[in-house]
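Counting the sequence shown from 1 gives a position; our numbering is that position plus 110.
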Amino acid sequence: MGEPIETLDGWFVWHQLTTVDWPTWWGWAPADRAAALAERVTLWETWAALEANHLGSVGMYAVAGERADFMAIYLRPTLDELIDLKASLQTTKFYTVERAQYSYISVVELATYVAKGNPDPENNAELRARLRPILPDRHAVCFYPMSKRRQGDDNWYMTDRAVRAHLMRGHGAVGHKYSQHVTQIISGSQGLDDWEWGVTLLADDPIWFKKLVYEMRFDEASARFAEFGPFYVGTRLDPPGWIRRLGGR
Ligand code: 76R
Numbered sequence: 111m112g113e114p115i116e117t118l119d120g121w122f123v124w125h126q127l128t129t130v131d132w133p134t135w136w137g138w139a140p141a142d143r144a145a146a147l148a149e150r151v152t153l154w155e156t157w158a159a160l161e162a163n164h165l166g167s168v169g170m171y172a173v174a175g176e177r178a179d180f181m182a183i184y185l186r187p188t189l190d191e192l193i194d195l196k197a198s199l200q201t202t203k204f205y206t207v208e209r210a211q212y213s214y215i216s217v218v219e220l221a222t223y224v225a226k227g228n229p230d231p232e233n234n235a236e237l238r239a240r241l242r243p244i245l246p247d248r249h250a251v252c253f254y255p256m257s258k259r260r261q262g263d264d265n266w267y268m269t270d271r272a273v274r275a276h277l278m279r280g281h282g283a284v285g286h287k288y289s290q291h292v293t294q295i296i297s298g299s300q301g302l303d304d305w306e307w308g309v310t311l312l313a314d315d316p317i318w319f320k321k322l323v324y325e326m327r328f329d330e331a332s333a334r335f336a337e338f339g340p341f342y343v344g345t346r347l348d349p350p351g352w353i354r355r356l357g358g359r
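Okay, structure coming up:
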């Protein structure tokens with residue numbers, strides 16, 4: 111029979127995917143557009159200040175393809191703060207031209223399958239850094255939600271704990287080959303959103319997402335048990351880059 115393992119839980123995460131209502135946006139007077147961009151950048155600067163004090167993190171990305179225009183990733187210690195953050199976005203002018211495309215809530219998670227002893231983040235700085243991650247300044251991002259299958263013999267939740275630990279060791283070994291190129295943030299979303307985990311991958315070159323996920327598909331933990339939601343891929347924006355994409359200067 112399956113048996114849960116302990117998870118270490120860190121910051122809450124909101125993946126926010128939006129498009130811009132371009133006809134409305136371009137219909138605004140240039141001065142109104144400039145004011146809306148400046149207002150949003152001011153808010154962004156308050157988030158950056160929080161990040162500097164290690165009270166959260168924010169990443170803004172331009173999304174490839176037409177699933178979305180932008181993805182923001184917000185990390186905060188509590189769900190309340192993510193809700194407050196949304197409320198402050200909603201007071202900005204720019205919010206009136208943003209259209210939600212996808213939204214995902216989860217909590218940064220470390221599964222303890224491969225942990226030695228009794229890991230305690232309070233006296234382990236490395237664990238704390240992984241549970242409360244500052245998004246690294248890497249050029250490319252990939253985000254997708256996923257679940258573990260529950261079907262016939264391929265039911266992750268009815269699989270013996272020792273077998274799961276063995277599979278996760280294999281999974282970790284594949285992933286570890288890419289550790290130089292890809293930073294991975296796994297966030298759990300059981301009870302929080304539609305899928306069971308959010309996968310956030312960051313790399314300087316997006317080709318590493320394809321190489322890593324391709325190789326992982328052959329690993330038993332993925333080959334037998336993984337089910338995937340929509341994939342989003344993009345590149346990082348700083349405030350000036352974001353402003354340029356919106357036609358500002
Ligand atoms: O935390 C650790 O680094 C220890 C090993 C490890 C665990 C426990 C690990 C390593 N992962 C763990 C758990 Mn992972 N991971 C994914 C995906 O696309 C797919 O097929 C699956 C999506 C990728 C790409 C990936 C990458 N991992 C998990 C879990 C929770 C399982 C549970 O609790 O049941 C999921 C859903 C998941 C999914 N993983 C790694 C990586 C990489 C790159 C590593 C190596 C990290 C490193 O060593 O630097």
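Built from N, CA and C at the ideal position, the CB exists for glycine as well.
Span separating the alpha-carbon of L241 from that of F180: One-based indexing of the sequence shown puts residue 241 at position 131. One-based indexing of the sequence shown puts residue 180 at position 70. If I take the Cα positions, the gap works out to 25 Å.
Could you give the first and the last residue of the continuous alpha helix (DSSP H) run that contains G282? On the sequence shown, position 172 is the one that residue 282 refers to. Element bounds for G282: 271-286.
Tell me the DSSP secondary structure of A221 in three-state form. By 1-based counting over the sequence shown, the position of residue 221 is 111. DSSP places A221 in strand when its eight states are reduced to three.
Can you list the alpha helix (DSSP H) stretches of 4 or more residues lying completely in the region 123-184, in chain order? 132-137, 140-162
Under 9 Å between C-beta atoms of T310 and S289: Within the sequence shown, residue 310 is the residue found at index 200, counting from 1. Within the sequence shown, residue 289 is the residue found at index 179, counting from 1. For T310 and S289, no; Cβs fall outside 9 Å.
Going along the chain, which unbroken runs of the alpha helix (DSSP H) with 4 or more residues stay wholly within the region 210-259? Contiguous alpha helix (DSSP H) elements confined to the region 210-259 occur at 235-241, taking only those with 4 or more residues.
Bridge partners - R346, DSSP secondary structure assignment: Here the question's residue 346 lines up with position 236 in the sequence shown. Looking at the DSSP assignment, R346 forms a beta bridge with Y171.
Check whether the region 233-252 and the region 113-124 touch, using three or more Cβ-Cβ pairs below 8 Å as the test. Contact between the region 233-252 and the region 113-124 is established, with three or more Cβ pairs separated by less than 8 Å.
What residue does the beta strand (DSSP E) around E330 start on, and which one ends it? Sequence index remark: in the sequence shown, residue 330 carries index 220 (1-based). Per DSSP, E330 belongs to no beta strand (DSSP E); it is in the alpha helix (DSSP H), 330-335.
What is the rounded straight-line gap between the Cα of T201 and the Cα of R248? Looking up residue 201 in the sequence shown gives position 91. Looking up residue 248 in the sequence shown gives position 138. Looking at the two C-alpha atoms, the distance is approximately 30 Å.
State the Cα-Cα distance for the pair K203 and T293, rounded to the nearest angstrom. Taking the first residue of the sequence shown as 1, we reach residue 203 at position 93. Taking the first residue of the sequence shown as 1, we reach residue 293 at position 183. Spanning the two alpha carbons is a distance of roughly 34 Å.
Counting Cβ pairs, one atom from each stretch, are 3 or more of them under 8 Å apart for the region 266-280 and the region 130-147? no
Please find out if some non-hydrogen atom of the ligand 76R comes closer than 8 Å to the beta-carbon of E219. Translated into the one-based positions of the sequence shown, residue 219 becomes position 109. Yes - the ligand 76R has a heavy atom lying nearer than 8 Å to the Cβ of E219.
Hey, how far is the Cα of P229 from the Cα of E219? On the sequence shown, position 119 is the one that residue 229 refers to. On the sequence shown, position 109 is the one that residue 219 refers to. Put simply, the backbone Cα of P229 is about 13 Å away from that of E219.
Less than 6 Å between C-beta atoms, sequence neighbours within five positions excluded: which residues of the same chain meet that for D329? Position 219 of the sequence shown, counted from the first residue, corresponds to residue 329. Within the same chain, and ignoring the five residues on either side of D329 in sequence, the residues whose Cβ sits closer than 6 Å to its Cβ are G280, H281, V284.
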